[in-house]
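Residue numbers (my numbering): 7 to 286.
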């Protein structure tokens with residue numbers, strides 16, 4: 007596994023942690039491309055600040071002082087959907103009653119305070135059970151992942167399907183997997199909390215060995231988005247084309263995966279907060 011220390015731990019691990027074989031060269035390429043592309047738009051620091059702002063918006067709306075997670079209105083929740091690129095086009099029917107009432111209850115249960123992260127996978131499954139169990143509602147897992155991560159990024163790494171989807175054998179994990187023939191390999195790694203946590207730890211270790219010591223959580227998300235953005239550009243499949251048109255600049259897909267793609271030019275409506283940090 008990339009970057010893992012070989013020294014034995016003096017205390018046995020309570021959980022069998024997944025072993026991830028990551029490719030250092032692929033990660034290094036993604037980091038170099040990320041830094042180069044971001045430099046033209048003010049540098050990676052601006053992106054880190056924008057991701058922090060995004061998290062602050064979620065926390066204020068759903069978990070701030072005096073906020074009852076079960077009582078937020080659709081007008082408070084609708085703007086948050088703009089931050090979630092794989093959710094925002096599909097969630098629209100659930101922003102009307104009676105669907106929104108069910109959605110609000112599911113979100114309140116998902117975000118209920120708990121010091122124990124061992125039940126994270128069960129939380130996500132329970133959340134998804136509130137939606138029809140068909141392919142057109144697979145985005146419910148992304149919604150759960152985005153909510154958990156944006157409200158509490160320290161405890162919950164980014165766990166969306168584009169980071170890793172075991173059933174489809176696709177995602178960032180596959181693109182940075184170290185193997186001689188990844189295209190014909192089925193990766194035996196569950197898409198559960200522990201896998202995503204180890205993935206974040208491994209990428210964070212890689213970043214530290216390459217001189218990145220600030221805003222590591224945000225940088226991990228940015229590296230993942232850069233990896234998947236490159237995959238989108240390489241594949242250009244019909245599903246991806248539906249959500250991601252041809253990029254006008256090298257960071258366009260990366261921004262979209264992170265939910266940082268700003269204001270719609272056609273009507274001036276803000277889908278998020280623009281990259282300069284001004285919230286809309």
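Positions of the beta carbon are idealized from the N, C-alpha and C atoms, including for glycine.
Check: Taking C-alpha atoms, which residue in 200, 168, 197 lies nearest to residue 228?
Finding: Counted from its first residue, the chain shown places residue 228 at position 222. It is 168.
Notebook entry, point to check: Under a Cβ-count criterion, where at least 16 other Cβ atoms within 10 Å of its own Cβ denotes burial, should residue 245 be classed as buried or exposed?
Noted result: Position 239 of the chain shown holds residue 245. The predicted model places residue 245 with a pLDDT of 47, which falls under 50 and marks its position as unreliable, so this point remains unresolved.
Next item on the list: In the DSSP assignment, find the alpha helix (DSSP H) that holds residue 101 and state where it starts and stops.
Entry: Mapped onto the chain shown, residue 101 falls at position 95. Premise fails: residue 101 is in no alpha helix (DSSP H) and is neither H nor E.
Checklist line | Rounded straight-line distance, which links the Cα of residue 83 to that of residue 275 | finding: Locating residue 275 in the chain shown gives position 269, counting from the first residue. Locating residue 83 in the chain shown gives position 77, counting from the first residue. Any reading at residue 275 must be qualified, since the residue scores a pLDDT of 49, below 50, and its modelled position is unreliable; the value itself is stated next. If you take the alpha carbons of residue 275 and residue 83, they lie about 16 Å apart.
Notebook entry, point to check: Are the region 39-46 and the region 205-213 touching, with three or more C-beta to C-beta distances below 8 Å?
Noted result: no
Margin query: Using only the alpha-carbon positions, how far apart do residue 272 and residue 88 sit?
Written below: Locating residue 272 in the chain shown gives position 266, counting from the first residue. Locating residue 88 in the chain shown gives position 82, counting from the first residue. Interpretation of residue 272 is limited by its pLDDT of 43, a score under 50 that renders its predicted location unreliable; no figure is taken from the coordinates.
Check: Around the Cβ of residue 12, are there at least 16 other Cβ atoms within 10 angstroms (buried) or fewer (exposed)?
Finding: Looking up residue 12 in the chain shown gives position 6. Because residue 12 carries a pLDDT of 43, less than 50, the predicted location of this residue cannot be relied on, and the following value inherits that uncertainty. The residue is exposed, with fewer than 16 neighbouring Cβ atoms inside 10 Å.
Next item on the list: Confirm, please, whether the CB-CB distance from residue 111 to residue 76 is below 8 Å.
Entry: The sequence position of residue 76 within the chain shown is 70, counting from 1. The sequence position of residue 111 within the chain shown is 105, counting from 1. Cβ distance < 8 Å, so residue 76 and residue 111 count as in contact.
Notebook entry, point to check: Assuming residue 133 and residue 165 make a contact with CB atoms under 8 Å, what is their CB distance in whole Å?
Noted result: Reading the chain shown from its first residue, position 127 is the one you call residue 133. Reading the chain shown from its first residue, position 159 is the one you call residue 165. Actually they do not touch by this definition, with Cβ atoms about 12 Å apart.
Checklist line | Per DSSP, cross-strand counterpart(s) of residue 176 | finding: Start at 1 with the first residue of the chain shown, and residue 176 comes out as number 170. Answer by DSSP bridge pairing, in chain order: 171.
Note to self: Below 8 Å on the Cβ atoms is my contact criterion, and I expect residue 56 with residue 191 to pass it. Report the Cβ-Cβ distance as a whole number of Å.
What the structure shows: As a working mapping, residue 56 is identified with position 50 in the chain shown. As a working mapping, residue 191 is identified with position 185 in the chain shown. In fact, because the Cβ distance is near 35 Å, the residues do not count as touching under 8 Å.
Notebook entry, point to check: Should residue 205 and residue 193 be called a contact, given that it needs their Cβ atoms to be closer than 8 Å?
Noted result: Position 199 of the chain shown holds residue 205. Position 187 of the chain shown holds residue 193. No. Outside cutoff.
Check: Which residues in the same chain as residue 33 place their Cβ atom closer than 6 Å to its Cβ, once the five residues preceding and following it in sequence are excluded?
Finding: Position 27 of the chain shown, counting from 1, holds the residue named residue 33. Within the same chain, Cβ atoms closer than 6 Å to the Cβ of residue 33 are found at 182, 212, the five residues on either side in sequence being excluded.
Next item on the list: Examine the Cβ distances between the region 221-236 and the region 129-145 and report whether three or more of them are shorter than 8 Å.
Entry: no
Check: Of all the options 186, 35, 240, 261, which has the alpha carbon lying nearest to the alpha carbon of residue 27?
Finding: Start at 1 with the first residue of the chain shown, and residue 27 comes out as number 21. Among 186, 35, 240, 261, the Cα nearest to that of residue 27 belongs to 186.
Item checked: Bounding residues of the alpha helix (DSSP H) (the contiguous stretch that carries residue 132) -> The sequence position of residue 132 within the chain shown is 126, counting from 1. Secondary structure note for residue 132: its alpha helix (DSSP H) is the uninterrupted segment 126-134.
Checklist line | Distance between residue 264 and residue 252 (C-alpha atoms, nearest Å) | finding: Position 246 of the chain shown, counting from 1, holds the residue named residue 252. Position 258 of the chain shown, counting from 1, holds the residue named residue 264. Residue placement at residue 252 is flagged as unreliable, the pLDDT there being 49, under the threshold of 50; the coordinate-derived value follows with that caveat. Cα to Cα, the separation comes out at about 17 Å.
Item checked: Sequence-distant residues of the same chain with beta carbon closer than 6 Å to residue 63, five excluded per side -> By 1-based counting over the chain shown, the position of residue 63 is 57. For residue 63, where only same-chain residues beyond five positions count, there are no Cβ hits under 6 Å.
Check: According to the neighbour-count rule (16 or more other Cβ atoms, all chains shown, within 10 Å of its Cβ), is residue 16 buried or exposed?
Finding: For the purposes of this step, residue 16 is taken as residue 10 along the chain shown, with counting starting at 1. Confidence in residue 16 is poor, its pLDDT being 47 and thus under 50, which makes the residue's placement too unreliable to answer from.
Checklist line | For residue 220, the first and last residue of its enclosing alpha helix (DSSP H) | finding: Stepping through the chain shown from its first residue, residue 220 is reached at position 214. Run containing residue 220: none; DSSP gives neither H nor E here.
Checklist line | Proximity below 8 Å, CB of residue 127 to CB of residue 199 | finding: Indexing the chain shown from 1 puts residue 127 at position 121. Indexing the chain shown from 1 puts residue 199 at position 193. Closer than 8 Å, so yes.
Next item on the list: Starting from the Cα of residue 124, find the closest Cα among 135, 161, 97 and give me that residue.
Entry: By 1-based counting over the chain shown, the position of residue 124 is 118. Checked all of 135, 161, 97; the closest Cα to residue 124 is 161.
Next item on the list: From the DSSP output, read off the bridge partner residues of residue 28.
Entry: Here residue 28 is taken as the residue at index 22 of the chain shown, counted from 1. Note: residue 28 sits in a beta bridge opposite 183.
Item checked: Inside the region 62-100 only - alpha helix (DSSP H) runs reaching at least 4 residues -> 80-87
Notebook entry, point to check: Should residue 43 go down as buried or exposed, given a rule of 16 or more other Cβ atoms within 10 Å for buried?
Noted result: Looking up residue 43 in the chain shown gives position 37. Label assigned to residue 43: buried.
Next item on the list: Could you check if residue 137 is buried or exposed, using at least 16 other CB atoms within 10 Å of its CB as the buried criterion?
Entry: By 1-based counting over the chain shown, the position of residue 137 is 131. Looking at its Cβ environment, which holds 16 or more other Cβ atoms inside 10 Å, residue 137 is buried.
Check: What three-state label does DSSP hand residue 34 in the structure shown?
Finding: Locating residue 34 in the chain shown gives position 28, where the first residue counts as 1. Residue 34: helix per DSSP, three-state reduction.
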